[in-house]
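Peer 1: Residue numbers (the working numbering), protein chains in the order written: chain A, 68 to 314; chain B, 68 to 314.
All residues carry an ideal CB built from backbone N, CA and C; glycine is no exception.
I'd like to ask you about the structure that follows.
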DNA sequence: CACAGTTTGTGAAACTTTTCACCAGCGATT
DNA sequence: AATCGCTGGTGAAAAGTTTCACAAACTGTG
């Protein structure tokens, strides 16, 4: 089996969501075309993605909703439950605890740690916040698979190291910085500020484009090379960050 | 100038973070190599990314940290402040309000809406929670650029529609489903459950690979390419959701 | 059974993104 | 002034991802 791209995995999660809905609607079969439509992608993409892992459909009929969903969940490793340890009982940590959506997908938070002595011993949801110092011992006693880093930026790498030492196999990082972890540990970073910045760029860009449209009929923006230091913002091409329109 | 890829934009945000740090360390110049090292990517990537927008370095010397940072922030549209309207005063909404990190980057939450009459009128941070029904009027009176959807899944599309109607230019969506918005509105989705699922896949996968090593013909180290330069080690996949461009 | 209508799975083509490799510009040194 | 060591910019190659397009597999119908 070839290497699976990150985008494929992401789409598999999407398919799972769609299938859940479709299942709730009582449909028994679904075609790649209808599945794609709901996600705003092409049917070829859906078929390609699935074909990476096997052959789950029937020509002329489509995919059996229930079966496909099970296959996808097995591929994603969601046919089991995962134990999660959370480090950082601040805003993000609290939001994660309060948000029950993960449990539904099979992720159970089993321990919460923080460094702030004011918080240690208090309860967060069903969990008593423990001193980060006892993480190694706590993890030995009651191991977890995935660690969540929800600490301030400067503590993040140390916490990640501690989690790796404690034997986690994956880390979900909410601190806005690049973490370095050994190759056998999976890492995923969620940076909300960066999402805002992406929007900022897309909006700014679309304004520049609109503004440039009439004026940018200007000669060749590509003479020798000497693009003036202040002359960014020449003719930007279409493309566009945004998503498709719909409905 | 060619279309700018989403990954380039994401990296620009990263560069900004690194430059901020480097600036704090008092360094005046930085080379593409050192900048890349901090992000776990190649120096060619850094130079390519930057060259999309102009020519900011000096051969033999590198980039002026302060100047480059200003350029990047201008490119990203961070040389101004953005007004943000938040819909949904639940867990995620509260976490966003409590997290001051956005303000630092130029994003000010200026209004908060919810549908739950128990919450309407209460304060969340500095903001009084308003009835979602008054969103159109409130947005007319005090417009905002970006809308955040932090509602339950089934309300998400309606809220997005309302935000579009209210004239926002970008939407940040935390609901775990695909939203459809017109092409002139930028959309970015953060799905935390999906991040967990990505980890689940990666972990499951690595187990399968380890197990199958002897038997199956697994990808294995490619004979062709040298195993990257020294530091290419640790950091693998970094977070990143959101989407590509639509039609 | 033959035929029409669907829909999958998949090579190959098209397109996008990353990496390579090298020239040219820079300060420092002699 | 000539040379050295370093570094940015960039065209071209390589690698990766998405889309196209079509044979093959399936059901239903006459």
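(1) By Cβ distance, which residues of its chain are closer than 8 angstroms to residue 249/B, with the 5 residues on each side in sequence left out?
(2) Please list the residues of the segment 210-238 of chain B that have a C-beta atom closer than 7 angstroms to any C-beta atom in chain A, keeping them in chain order.
(3) Along chain A, which residues have their Cβ under 9 angstroms away from the Cβ of residue 131/B?
(4) Flag residue 107/B as yes if its beta-carbon sits less than 8 angstroms from any beta-carbon of chain A, otherwise no.
(5) Residues in the same chain with beta-carbon distance under 7 angstroms from residue 274/A, minus the five sequence neighbours each way, listed in chain order, please.
(6) Does DSSP put residue 244/A in a helix, a strand or coil?
(7) Considering just the uninterrupted stretch of the beta strand (DSSP E) at residue 181/B, what are its terminal residues?
(8) Could you pull the DSSP bridge partners for residue 153/B from this structure?
(9) Going along the segment 264-275 of chain B in order, which residues come within less than 8 angstroms of chain A, judged by CB to CB distance?
(10) Could you check which residue in 212/B, 198/B, 108/B has the C-alpha nearest to that of residue 233/B?
(11) Measuring only the C-alpha atoms, how far is residue 252/B from residue 155/B?
(12) Does DSSP put residue 255/B in a helix, a strand or coil?
(13) Can you give me, in chain order, the residues of the segment 119-150 of chain A that have a beta carbon less than 8 angstroms from any beta carbon in chain B?
(14) Can you pull the DSSP bridge partners for residue 196/B?
(15) Considering only the alpha carbon of each residue, which of 142/B, 71/B, 272/B, 95/B lies closest to residue 125/B?
(16) Using 8 angstroms as the cut-off, can you tell me whether the segment 148-167 of chain B makes contact with the segment 182-202 of chain B, which would need three or more C-beta pairs spanning the two stretches below that distance?
(17) For a test of the three-state rule: what should DSSP assign to residue 94/B, helix, strand or coil?
(18) Helix, strand or coil for residue 284/A per DSSP?
(19) Does any residue of chain A bring its CB to less than 8 angstroms from the CB of residue 87/B?
(20) Sorted by chain position, which residues of the same chain lie with C-beta nearer than 8 angstroms to residue 324/B's C-beta, five sequence neighbours on each side aside?
(21) Counting C-beta neighbours from all protein chains within 10 Å, is the total for residue 203/A 16 or more, i.e. buried, or is it exposed?
(22) How many Å lie between residue 110/A and residue 101/A at the Cα?
(23) Does the Cβ of residue 293/A have 16 or more other Cβ atoms within 10 Å, making it buried, or fewer, making it exposed?
(24) So, does the CB of residue 168/B fall closer than 8 angstroms to a CB anywhere in chain A?
(25) What's the C-alpha gap between residue 237/B and residue 175/B?
(26) Skipping 5 residues on each side, what residues in its chain have a beta carbon closer than 6 angstroms to that of residue 284/B?
(27) Decide if residue 144/B is buried, meaning its Cβ has at least 16 other Cβ atoms within 10 Å, or exposed.
(28) Given this structure, state the Cα-to-Cα distance separating residue 282/A from residue 272/A, to the nearest angstrom.
(29) To the nearest angstrom, how far is the alpha carbon of residue 85/A from that of residue 108/B?
(30) Is it buried or exposed, residue 267/A, if we count other Cβ atoms within 10 angstroms and call 16 or more buried?
(31) At the level of alpha carbons, what is the spacing between residue 216/A and residue 254/A?
(32) Compare the C-alpha of residue 256/B against each of 243/B, 130/B, 128/B and name the closest.
(33) Measuring CB to CB, does residue 80/A end up less than 8 angstroms from residue 264/B?
(34) From this set, 92/B, 141/B, 196/B, 105/B, which residue's C-alpha is nearest residue 56/B's C-alpha?
(35) Short check: CB of residue 123/A to CB of residue 134/A, under 8 angstroms?
(36) Measuring alpha carbon to alpha carbon, tell me which residue in 71/B, 91/B, 170/B is nearest residue 150/B.
Peer 2: The relevant details are as follows:
(1) What you label residue 249/B is simply residue 182 of the second chain in a count that begins at 1. 231, listed in sequence order.
(2) 212, 213, 236, 237
(3) For this step, residue 131/B is matched to residue 64 along the second chain. Correct list: empty, because the minimum Cβ distance to chain A is about 12 angstroms.
(4) One-based indexing of the second chain puts residue 107/B at position 40. It does: the Cβ of residue 107/B has a partner Cβ on chain A nearer than 8 angstroms.
(5) Here residue 274/A corresponds to residue number 207 of the first chain, with the count starting at 1. Hits under 7 angstroms: none found.
(6) On the first chain, position 177 is the one that residue 244/A refers to. Residue state, collapsed to three classes: coil.
(7) Sequence index remark: in the second chain, residue 181/B carries index 114 (1-based). Per DSSP, residue 181/B belongs to the beta strand (DSSP E) from 174-181.
(8) Here the question's residue 153/B lines up with position 86 in the second chain. Residue 153/B pairs with 179/B, 215/B.
(9) 264, 265, 266, 267, 268, 269, 270, 271, 272, 273
(10) What you label residue 233/B is simply residue 166 of the second chain in a count that begins at 1. When only C-alpha atoms are compared, the closest one is 212/B.
(11) Sequence index remark: in the second chain, residue 252/B carries index 185 (1-based). Sequence index remark: in the second chain, residue 155/B carries index 88 (1-based). Near 20 angstroms, if we compare the C-alpha coordinates of residue 155/B and residue 252/B.
(12) For the purposes of this step, residue 255/B is taken as residue 188 along the second chain, with counting starting at 1. In the structure shown, residue 255/B sits in a strand (DSSP, three-state: E or B).
(13) 142, 143, 144, 145, 149
(14) Counting from one through the second chain, the residue named residue 196/B turns up at place 129. Bridge partners of residue 196/B: 179/B.
(15) What you label residue 125/B is simply residue 58 of the second chain in a count that begins at 1. That would be 95/B, whose Cα lies nearest to the Cα of residue 125/B.
(16) yes
(17) Looking up residue 94/B in the second chain gives position 27. Residue 94/B falls in the coil class under three-state DSSP.
(18) Locating residue 284/A in the first chain gives position 217, where the first residue counts as 1. No answer about residue 284/A holds up, because its pLDDT of 35 lies below 50 and its placement is not dependable.
(19) Within the second chain, the letter at position 20 stands for residue 87/B. So no, residue 87/B is outside the interface.
(20) In the structure displayed, chain B extends from 68 to 314; residue 324/B sits before or after that span and is not available.
(21) One-based indexing of the first chain puts residue 203/A at position 136. Residue 203/A comes out exposed.
(22) The residue given as residue 110/A occupies position 43 in the first chain. The residue given as residue 101/A occupies position 34 in the first chain. Between residue 110/A and residue 101/A, the C-alpha separation is close to 8 angstroms.
(23) Residue mapping note: residue 293/A aligns to position 226 of the first chain, counting from 1. For residue 293/A, the pLDDT reaches just 30, beneath the cut-off of 50, and the residue's location in the model is therefore unreliable, leaving the point undetermined.
(24) In the second chain, the residue the question calls residue 168/B occupies position 101. Closer than 8 angstroms: yes.
(25) If you number the second chain from 1, residue 237/B lands on position 170. If you number the second chain from 1, residue 175/B lands on position 108. Straight-line Cα distance between these residues: approximately 14 angstroms.
(26) Indexing the second chain from 1 puts residue 284/B at position 217. Unreliable placement is indicated for residue 284/B, whose pLDDT of 35 sits below 50; the coordinate value is still reported in the next sentence. Around residue 284/B: no qualifying Cβ.
(27) Against the second chain, residue 144/B aligns to sequence position 77. Answer is buried; the Cβ neighbour count reaches 16.
(28) Taking the first residue of the first chain as position 1, residue 282/A is located at position 215. Taking the first residue of the first chain as position 1, residue 272/A is located at position 205. Note that residue 282/A scores a pLDDT of 43, beneath 50, so its modelled location is shaky and nothing firm can be said.
(29) In the first chain, residue 85/A corresponds to position 18, counting from 1. In the second chain, residue 108/B corresponds to position 41, counting from 1. Whole-angstrom Cα-Cα distance: 34 angstroms.
(30) The residue given as residue 267/A occupies position 200 in the first chain. Classification of residue 267/A: buried, given that the 10 Å Cβ count is 16 or more.
(31) To locate residue 216/A, count along the first chain from 1; it is residue 149. To locate residue 254/A, count along the first chain from 1; it is residue 187. Between residue 216/A and residue 254/A, the C-alpha separation is close to 11 angstroms.
(32) What you label residue 256/B is simply residue 189 of the second chain in a count that begins at 1. Checking every option, the nearest Cα to that of residue 256/B belongs to 243/B.
(33) On the first chain, residue 80/A is found 13 positions in, with the first residue counted as 1. On the second chain, residue 264/B is found 197 positions in, with the first residue counted as 1. Yes. Within cutoff.
(34) Lying outside 68 to 314, the shown extent of chain B, residue 56/B is not represented and no answer is given.
(35) The residue labelled residue 123/A in the question sits at position 56 within the first chain. The residue labelled residue 134/A in the question sits at position 67 within the first chain. The answer is yes: Cβ separation under 8 angstroms.
(36) Position 83 of the second chain holds residue 150/B. Closest option to residue 150/B, Cα to Cα, is 170/B.
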